[in-house]
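Respectively, the protein sequence lines represent chains A and B. Per this note's numbering, residue 1 is the first one in the first sequence, and the count goes up by one each step. Per this note's numbering, residue 1001 is the first one in the second sequence, and the count goes up by one each step. Just so you know, even glycine gets a beta-carbon here, dropped at the ideal spot from N, CA and C. These numbers were taken from a predicted model, which means no experiment stands behind them. See below for the structure under consideration.
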Amino acid sequence: DIQMTQSPPSLSASLGDKVTITCQASQNINKYIAWYQQKPGKAPRQLIRYTSTLVSGTPSRFSGSGSGRDYSFSISNVESEDIASYYCLQYDNLPRTFGGGTKLELK
Amino acid sequence: QIQLVQSGPELKKPGESVKISCKASGYTFTNYGMYWVKQAPGQGLQYMGWINTETGKPTYADDFKGRFVFFLETSASTAYLQINNLKNEDMATYFCARNYYFDYWGQGVMVTVSS
């Protein structure tokens, strides 16, 4: 199974900050990574797929990059509505595996 | 629009079974696999497996072999997750998600296991 190591587990940011979350796969996942936002009591919502493709409706302040084993997800100019948990998912192989999650809080 | 609508919350006793539904609309059900994800209280997302909606063949992640069953009612565009012989550690929210990269999700079903 591919392990996805996501960091940091938590992040504190001020409104307007840029934040970055990383996911490292235990092997090359060929850019098949997606990023999700989850708010309390809600289902995850896909923001980005195939490393950097924004899903329809995802604001342009969200971005993703990476290749091979190493990937990152950024939010530039954090807004209050971005306060949530974020997860990466590798979909290169079965079983699919998620990162452990990052909880973004307001400083 | 594409929607996955899941059944309501469940309260069960240890040893009982629970059946969770996931009704799809807004697309051709058999064109996309259906995946299942567990989220224990305060925890992250855990992949459970998937079912091929064309053939009905389920594939289970290692942690979900034995008591967990995925099946379909294709005529109703509905996927089901059944958990048999419930244990305390099954207490969680269960999500269905469409497609191999989980583009659309159901709202989740909270399963409480308590004697």
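Burial of F73 of chain A is indicated by the presence of at least 16 other C-beta atoms within 10 angstroms of its C-beta. If you check each beta-carbon in the stretch 1088-1110 of chain B against every beta-carbon of chain A, the ones closer than 7 Å belong to F1095, Y1100, Y1101, F1102, D1103, W1105, G1106, Q1107 and G1108. Annotation for A1061 of chain B: Y1047, M1048 and G1049 place their beta carbon closer than 7 Å to its own, counting only its chain and skipping 5 residues before and after. For the stretch 1011-1077 of chain B, the full-length beta strand (DSSP E) segments reaching 3 residues or more read 1018-1025, 1034-1039, 1046-1051, 1058-1060 and 1068-1073 along the chain. Residues of chain B with a Cβ closer than 8 Å to the Cβ of P59 of chain A do not exist; the shortest Cβ-Cβ separation is about 18 Å. Bounds of the beta strand (DSSP E) holding V1109 of chain B are V1109 to V1113. Restricting attention to A:L47, A:T102, A:Q46 and A:D92, the CA atom closest to the CA of Y86 of chain A is found in A:T102. Of all C-beta pairs linking the stretch 1004-1016 of chain B to the stretch 1075-1086 of chain B, three or more are shorter than 8 Å, placing the two stretches in contact. Interface flag for Y1032 of chain B against chain A is unset, since no Cβ pair is found closer than 9 Å. By the 16-neighbour rule on beta-carbons within 10 angstroms, I1020 of chain B is buried. Counting C-beta pairs with one atom in each stretch, the stretch 1072-1081 of chain B and the stretch 81-97 of chain A have fewer than three that are closer than 8 Å, which means they do not touch.
A check of alpha carbon separations from G1033 of chain B across B:G1042, B:V1111 and B:C1022 identifies B:C1022 as the nearest. Sorting A:S12, A:E105, A:G41 and A:T53 by C-alpha distance to the C-alpha of W35 of chain A places A:T53 at the top. For the stretch 87-101 of chain A, the residues whose beta carbon sits under 8 Å from a beta carbon of chain B are, in order, Y87, L89, Y91, L94, P95, R96, T97, F98, G99, G100 and G101. In this structure I29 of chain A touches I2 of chain A by the C-beta definition: roughly 6 Å separates them, less than 8 Å.
If you look at V1005 of chain B, you'll find it in the beta strand (DSSP E) that goes Q1003 to Q1006.
One thing to note: Y1104 of chain B has its Cβ no nearer than 9 Å to the Cβ of L89 of chain A.
In this structure D70 of chain A is not in contact with Q6 of chain A, their Cβ atoms being roughly 12 Å apart against a cut-off of 8 Å.
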